[in-house]
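>
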Amino acid sequence: MAPIPAYLNPAAVLVLVSCDLCLVRANRPPSPVNVTVTQLKANSAMVSWDVPEGDVIIGYAISQQRQDGQMQRFIREVNTTNRACVLWDLAEDADYIIQVQSIGLHGESQASKRVHFRTLKQSDRLPSNSSNQGDITMEGLDKERQLQTGEIIIIVVVLLMWAGEFLLRSLDLGRIVAGSQVFTWHVHKCCFSKICL
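Numbering (full-length UniProt numbering), first residue to last: 1 to 197.
1. If you follow the beta strand (DSSP E) that residue 63 is in, where does it begin and where does it stop?
2. Hey, could you find the ends of the beta strand (DSSP E) residue 51 is sitting in?
3. What would DSSP say about residue 169, mapped onto helix, strand or coil?
4. In three-state DSSP terms, what is residue 149?
5. In whole angstroms, what separates the C-alpha of residue 60 from that of residue 169?
6. Run through DSSP, which three-state label would residue 160 get?
7. Quick check on this structure: which residue in 78, 86, 92 has the alpha carbon closest to the alpha carbon of residue 42?
8. If distances are taken between C-alpha atoms only, which option among 116, 107, 33 comes closest to residue 65?
9. Within its chain, find whatever has a CB closer than 7 Å to the CB of residue 87; leave out the 5 residues flanking it on each side and keep chain order.
10. For the beta strand (DSSP E) holding residue 102, just list the boundary residues, first then last.
11. Just to confirm, are residue 123 and residue 33 a CB contact at a threshold of 8 Å?
12. How is the beta strand (DSSP E) around residue 43 delimited, first residue to last?
Here's what the structure looks like:
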């Protein structure tokens, strides 16, 4: 049997692997801070958070678990700069635990501190300016969802592209072939001229 090469020495491999793990941990993004639950209702709540400046964040992962262990959900969003997420389909009058992680170019951060909250009963109605003990704010959830800036920009861009395509096709249709004659529409004169082939 051939001897093991020096570079495959178990001690050397262990050192290389541990150095690699240290580099990966060093490049991880920071954990989100100030995780709060707002707009609390019987079946929904909004989670928001802050991220320390300086690192490139490409998304977030949210872990949501019912405290009694009956349900767990993991929400992962990439290519987003949003620092809030609405949690839907929650059970009324139930305790939940959430944690948020940042997703960076070199992996995920450590999970944020756990945040506990309890959904309202269907009969509970809180005014939008009331708040609970601690740092969890409870507000009424708007009935109508407003369009976010990104959604409005996408709609405007699509409409502009559609209008441009319509204009280009209209100009192309200005040339109509009818038998042996071609009619050309002169846009600058706003009239038709007959050109024989």
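We put the beta carbon where it would ideally sit given N, CA and C, even for glycine.
The short version:
1. 57–66
2. Unbroken run through residue 51: none, as it is neither H nor E.
3. helix
4. helix
5. 43 Å
6. helix
7. 92
8. 116
9. 44, 45, 47, 64
10. 95–104
11. no
12. That residue, residue 43, is in no beta strand (DSSP E); it is neither H nor E in DSSP.
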